[in-house]
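To convert, take the position in the sequence shown, counting from 1, and add 39; that gives the numbering used here. Even glycine gets a Cβ: it sits at the ideal position worked out from N, Cα and C. Here is the structure we will look at, set down as structure tokens.
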Amino acid sequence: MLTFREDVRDVDTYLYLRKQVDWVELNEKQAERALKNSMKIITAYFDGKPIGMGRIVGDGSVICYIQDLIVVPEYQGRHIGSMLIDKLIAYVNSLIIPGSRMMLCLMCAKGREEFYMKHGFIARPTPELGPGMIQYITVKGGE
């Protein structure tokens, strides 16, 4: 049975799900801080086993980001990603101050644009909006 739980901040679950989709490995301290600083986390379970997760990060007023939308490969194609994103969008909608608007952004993996467009996102660049940009900052050392 498919279930969803909100704001489960379990580092092992987060690292497990990231590993299932071959994402960059995080250390436990990094994962713990990421979860702690998330505004909203929604985790999908099938028969009690974690199979997906999505997080919202941001300021909750002007801008929010969908971060780490993950669905374990053997569960992809079953609309679980769509259910997660719909729940994340509903959460952000609940934050919007009446009479204002909020930007909801994300970084999309190459080839996944169509999925997000089905959920109301637009691909950049457009005639009005430039491309999204990114910078990776690495610090050597640590524990």
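Proximal residues to residue i (C-beta, below 6 Å), its chain only, five neighbours per side dropped
i      : result
Met141 : Ile135
Phe85  : Leu41
Lys189 : This structure cannot settle anything about residue 189, because the visible part of the chain is limited to 40 through 182.
Asp46  : Ile80
Ile119 : Ala83, Gly91, Val110
Ile124 : His158
Gln106 : Arg94, Val96
Where the alpha helix (DSSP H) containing residue i begins and where it ends
i     : result
Gln69 : 67-75
Leu54 : 50-59
DSSP state of residue i mapped onto helix, strand, coil
i      : result
Phe26  : There is simply no residue 26 to check, as the chain begins at 40 and stops at 182 in what is shown.
Met142 : strand
Lys79  : strand
Residues near residue i by beta carbon distance below 8 Å, same chain, minus five either side
i      : result
Ile109 : Leu56, Arg57, Gln59, Val60, Trp62, Gly91, Met92, Gly93
Pro170 : Arg163, Pro164
Arg44  : Ile81, Thr82, Tyr84
Met156 : Ala162
Cβ shell of residue i (< 7 Å), same chain only, five flanking positions each side left out
i      : result
Val131 : Ile95, Cys103, Met141, Leu143
Ala70  : Val50, Tyr53, Leu54
Residue from the options whose Cα sits closest to the Cα of residue i
i      : options                       : result
Met172 : Gly159, Tyr155, Cys147        : Cys147
Glu113 : Pro89, Asp98, Leu65, Gly138   : Pro89
Arg117 : Phe154, Ala129, Val101        : Phe154
Phe160 : Ile176, Thr177, Glu152        : Glu152
Arg77  : Pro137, Ser139, Gly180, Gly99 : Note that residue 77 is Ser in the sequence shown, not Arg. The shortest Cα separation from Ser77 among Pro137, Ser139, Gly180, Gly99 belongs to Gly99.
Pro137 : Val101, Met122, Ile176        : Val101
Residue i: first and last residue of the uninterrupted beta strand (DSSP E) it sits in
i      : result
Met156 : That residue, Met156, is in no beta strand (DSSP E); its alpha helix (DSSP H) goes 152-156.
Runs of beta strand (DSSP E) lying entirely within the segment 81-134, each at least 3 residues, in chain order: 88-97, 102-110
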